[in-house]
Amino acid sequence: MNVLILGSGGREHAFAWKIAQSNLLTQLFIAPGNAGTLKFGINLDVNPNNFNDIKKVVLTYNIALVVVGPEEPLVLGIHDFFLKDEQLHKIAVIGPQQYAAQLEGSKEFAKEFMFRHNIPTAAYKSFTTSNLDEGYQFLETLQAPYVLKADGLAAGKGVLILNDLQDAKNELTEMLAHQKFGAASSKVVIEEFLDGIELSCFVLTDGKSYVNLPTAKDYKRIGEGDKGLNTGGMGAVSPVPFASEKLLKKIEETIIKPTIEGLQKDNIPYKGFIFFGIIKVDQEPMVIEYNCRMGDPETEVVIPLIESDFLELLIATGKNELHTKTIELKPESACTVMLVSGGYPEDYEKGKEILGLEKVEDSIAFHAGTTLKNEMVLTNGGRVIAVTSFGENYKEALKQSYKNIDKICFEGMNYRKDIGFDL
Ligand code: AMP
Ligand code: GLY
């Protein structure tokens with residue numbers, strides 16, 4: 301079958317790398333893709349948020365299955381667009397419909413879902429400009445630090461954690477009355493601060509059955525020791541070393557199963573990935589957030605640890621037949637280290653030539669933000685290359701990534717040398 305992947309990052313390169321290994325694949329297309337995905341398929345210069353353009357390429361190239369990488373097209377309703385279209389409705393779309401995508405697209409929706417289905421999460425209340433005063437009063441009842449979340453999608457920047465009550469009140473005003481995050485912060489969820497260690501879990505589900513993918517932990521801050529500004533993610537390890545059998549069983553029983561059952565009880569169809577952002581408070585796992593897609597850079601460590609035919613699992617998801625499949629995982633650990641442009645996550649330049657990629661040995665250089673021009677691979681984003689390696693444990697894997705990173709260079713290249721420092 302012909303498959304189309306939507307997106308242009310390291311996540312989509314990792315999907316392409318894995319799907320290209322399947323005997324079930326005829327031809328792979330990526331829209332828009334990057335210089336790395338070119339090796340596995342044909343890049344199409346189409347914006348994943350432009351559904352009419354996507355429709356044209358799906359029909360032109362006889363696509364039977366679409367994997368949606370980023371959240372935005374899902375929150376904008378790409379799956380619903382396919383279902384409503386006479387020519388597209390039989391094509392499998394991996395990624396939930398608009399209503400279910402609110403698990404990521406609206407913090408309030410996700411909180412209400414979790415409370416309805418008794419899924420452990422922080423206590424919260426939500427506010428708009430009409431009850432701003434109640435928001436100030438609610439903050440006064442809480443202990444520092446204060447957690448303020450823009451309800452809508454804010455490119456990963458919509459969560460503020462403040463130590464001072466007055467700062468929290470000021471930020472609440474900025475978010476609600478002055479639209480600090482645009483329409484995304486016209487509603488704000490204020491929640492109890494949870495103190496613990498974070499990990500992420502992932503499932504692929506057809507809405508009834510699911511398969512567990514390996515756990516992962518990502519490193520979001522730009523600076524070593526988890527200091528400085530937030531990024532899309534500077535590295536990741538999988539599986540998470542502290543995720544014991546006991547903890548995973550608890551997560552499955554108290555979070556994953558109740559989530560899948562909750563979707564069914566609420567009559568919410570769901571075909572795609574669920575990314576559970578989890579925090580372990582004492583010994584109890586609680587949900588920090590849901591995402592309706594895979595993570596980036598988590599995908600660059602999770603997907604390479606899958607032994608099974610990934611396309612076969614995706615096809616089964618599309619047909620509601622996931623209950624007939626099991627997933628086999630590799631016994632190793634994987635890590636990835638992200639090479640980023642100088643200045644990122646603030647202003648940075650693009651178009652720098654990347655040298656040394658052909659020298660990478662026994663690691664995979666997943667392209668996160670690259671483009672091909674006159675046979676040269678150029679930087680084309682803040683996050684540029686994710687260097688993934690395997691090992692008996694995460695430390696061995698990291699050694700291998702850092703060894704290969706020494707062979708790669710581009711002007712301004714930056715990366716964290718301490719991925720896994722806290723494990
Ligand atoms: P989110 O966008 O919801 O994943 O939040 C971004 C980050 O903020 C999370 O990865 C956590 O590190 C932190 N965070 C979010 N909610 C809380 C909370 N209730 N308590 C403590 N930290 C939180
Ligand atoms: N790395 C975090 C995310 O993809 O949301």
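Per the numbering used here, the very first residue in the sequence shown carries number 301; after that it's consecutive.
Cβ coordinates follow ideal geometry from the N, Cα and C atoms, glycine included.
Original post:
Is it the case that the CB of V598 approaches a heavy atom of the ligand GLY more closely than 7 Å?
Top reply: The displayed chain sequence assigns Glu, not Val, to residue 598. Answer for E598: yes, Cβ within range of the ligand GLY.
Original post:
At a cut of 8 Å, does the region 358-376 reach the region 550-558 through at least three beta carbon pairs?
Top reply: no
**OP:** Use the C-beta contact count for L723: other C-beta atoms within 10 angstroms, 16 or more gives buried, fewer gives exposed.
**Re:** exposed
**OP:** Sort N347, L325, T326, K318 by Cα distance to G336 and report the nearest one.
**Re:** K318
Subject >> Beta carbon of N343 nearer than 8 Å to that of P373 >> reply: no
**OP:** For I578, count neighbouring C-beta atoms within 10 Å of its own C-beta (all shown protein chains included) and say buried if the count is 16 or more, exposed if not.
**Re:** buried
Subject >> Contacting residues, own chain, Cβ-Cβ under 8 Å from N693 (five flanking each side not counted) >> reply: P541, S633
Original post:
Hey, how far is the Cα of L504 from the Cα of T559?
Top reply: 13 Å
Original post:
Pick from T624, L529, E498, V677: whose alpha carbon is nearest that of A536?
Top reply: E498
Original post:
For the ligand AMP, is there a heavy atom less than 7 Å away from the beta-carbon of K517?
Top reply: no
Original post:
Cβ of K469 within 8 Å of Cβ of L439?
Top reply: yes
**OP:** Assess, as a yes-or-no matter, whether the region 612-619 is touched by the region 667-675 under the definition of 3 or more beta carbon pairs within less than 8 Å.
**Re:** no
**OP:** Go through its chain and collect everything with a Cβ distance to N591's Cβ below 6 Å, but skip five positions before and after it.
**Re:** E404, F575
Subject >> Where V602 falls: helix, strand or coil (DSSP) >> reply: helix
Original post:
By the 10 Å Cβ neighbour count, where 16 or more other Cβ atoms means buried, how is D596 classified, buried or exposed?
Top reply: buried
Original post:
Quick one: what's H667 bridged to in DSSP?
Top reply: I685
Original post:
So, T688 versus S663, is the Cβ gap smaller than 8 Å?
Top reply: yes
Original post:
Taking the alpha helix (DSSP H) that S290 falls in, what are its first and last residues?
Top reply: The structure shown does not extend to residue 290, since the chain spans only 301 to 723, so no value can be given for it.
**OP:** Measure the Cβ-Cβ separation of Y644 and T531 and say whether it is below 8 Å.
**Re:** yes
Original post:
What are the start and end residues of the beta strand (DSSP E) that includes F493?
Top reply: Here F493 belongs to no beta strand (DSSP E), and DSSP marks it neither H nor E.
Original post:
What residues in its chain sit with their C-beta under 8 Å from that of I705, if we drop five residues either side in the sequence?
Top reply: V637, L639, V687, Y715
Original post:
Would you say the beta carbon of G651 comes nearer than 7 Å to a heavy atom of the ligand GLY?
Top reply: no
Subject >> Contact under 8 Å by Cβ, K630 with E653 >> reply: no
**OP:** Under 8 Å by Cβ, that's how I've got G525 and S485 pegged, so tell me the actual separation to the nearest angstrom.
**Re:** Incorrect: roughly 29 Å between the Cβ atoms, too far for contact.
Original post:
Ends of the beta strand (DSSP E) at L584?
Top reply: At residue 584 the sequence reads Glu, which differs from the Leu that was named. Counting along the chain, the beta strand (DSSP E) containing E584 begins and ends at 584-591.
**OP:** Establish whether the CB of T421 and some CB of chain B are separated by less than 8 Å.
**Re:** Protein chain content of the structure displayed is limited to a single chain, and chain B is not contained in it.
Original post:
How long is the line joining the alpha carbons of A401 and D518, rounded to whole angstroms?
Top reply: 22 Å
**OP:** With distances taken Cα to Cα, identify the nearest neighbour of G523 among M534, A516, I394, N352.
**Re:** M534
Original post:
CB of G577 to nearest heavy atom of the ligand AMP: below 7 Å?
Top reply: yes
Original post:
Cβ-heavy atom distance between L344 and the ligand AMP below 7 Å?
Top reply: no
Original post:
Comparing alpha-carbon positions, which option in M586, L304, E371 lies nearest G341?
Top reply: L304
Original post:
Taking 7 Å as the cut-off, is the CB of F411 close to at least one heavy atom of the ligand AMP?
Top reply: The sequence shown places Lys at residue 411, rather than the Phe named in the question. K411 Cβ: outside cutoff for every heavy atom of the ligand AMP.
Original post:
DSSP state of S430, grouped into three classes?
Top reply: helix
**OP:** Compare the Cα-Cα distances from L460 to each of I627, L448, I391, N431 and report the closest residue.
**Re:** L448
Original post:
Should N530 be counted as a contact of the ligand GLY given a C-beta to heavy atom distance under 7 Å?
Top reply: no
Original post:
Under the criterion of a Cβ to heavy atom distance below 7 Å, does K323 qualify as lining the ligand GLY?
Top reply: It should be pointed out that residue 323 corresponds to Asn in this sequence rather than to Lys. No, the beta carbon of N323 sits no closer than 7 Å to any heavy atom of the ligand GLY.
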